[in-house]
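I have placed the structure first, in the form of structure tokens, so that the comments after it can refer back to it.
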Amino acid sequence: MDDRLMIESAYDNKIYSQALFHAQQLTEKSSKACLAILRVMPKDDHHYSEMVRMFIIPNSKKFRDRFDEYLPLVVKLESQYIPTRYGVTTSGTVRIRKYDEQTVKKECNAAKDYLELCFSFVEDKMSKQLPRSKAELEQVLVTEYKDNVKFF
């Protein structure tokens with residue numbers, strides 16, 4: 001949920017690489033929530049877009065067309081993880097990239113829409129409505145899943 005706020009803050013401050021980084025994080029974490037409800041646990045080294053294709057889409061029933069529609073965005077944002085996060089390659093090349101404001105806005109808004117799709121998917125599997133605020137969502141997790149939620 002913090003990524004949604006970070007997208008807005010970075011975009012408003014014209015830090016487009018960070019807006020896209022948090023859009024990528026939002027789609028990854030949203031996808032992982034869907035995978036968790038399906039009892040699929042990703043390895044440390046994984047491509048979550050492949051897991052969307054392999055596990056979420058086949059189990060998405062009424063949401064299948066929407067997941068199919070968002071898959072290209074998920075793939076694109078996943079490929080942006082390294083370039084938006086790190087300005088220097090492992091070989092020492094400095095990346096300077098110009099971002100198109102409207103493209104960034106479109107992709108960030110689509111990432112937020114994907115979050116909502118993932119909420120709908122999880123809610124459908126749980127047969128339960130979930131809150132959208134971070135504090136309320138944490139309370140649901142702590143109350144109903146106390147054996148699986150750990151605070152650090």
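No gaps in the numbering here: position 95 of the sequence shown is 95 in full-length UniProt numbering, and each next residue is one more.
In this text, a Cβ means the ideal position worked out from N, Cα and C, and glycines have one as well.
Computed from a predicted model, the values in this text were never measured in an experiment.
Outcome for residue i when other beta-carbon atoms lying within 10 angstroms are tallied against a minimum of 16
| i | result |
| --- | --- |
| residue 67 | buried |
| residue 149 | exposed |
| residue 141 | exposed |
| residue 36 | exposed |
| residue 9 | exposed |
Residues that DSSP places opposite residue i in a beta bridge
| i | result |
| --- | --- |
| residue 88 | 94 |
DSSP state of residue i mapped onto helix, strand, coil
| i | result |
| --- | --- |
| residue 127 | coil |
| residue 80 | coil |
| residue 133 | coil |
| residue 38 | coil |
| residue 145 | coil |
| residue 13 | coil |
| residue 150 | coil |
Integer Cβ distance of residue i from residue j, believed to fall under 8 Å
| i | j | result |
| --- | --- | --- |
| residue 57 | residue 31 | Their Cβ separation, rounded to whole angstroms, is 11 Å, which puts residue 57 and residue 31 out of contact at 8 Å. |
The stretch 121-141 / the stretch 89-97 touching (three or more Cβ pairs under 8 Å):
no
Taking three-plus beta-carbon pairs below 8 Å as touching, is the stretch 104-123 in contact with the stretch 23-40?
Yes: at least three Cβ pairs fall under 8 Å.
Between the stretch 115-133 and the stretch 77-84, can you find at least three pairs of beta-carbon atoms closer than 8 Å?
no
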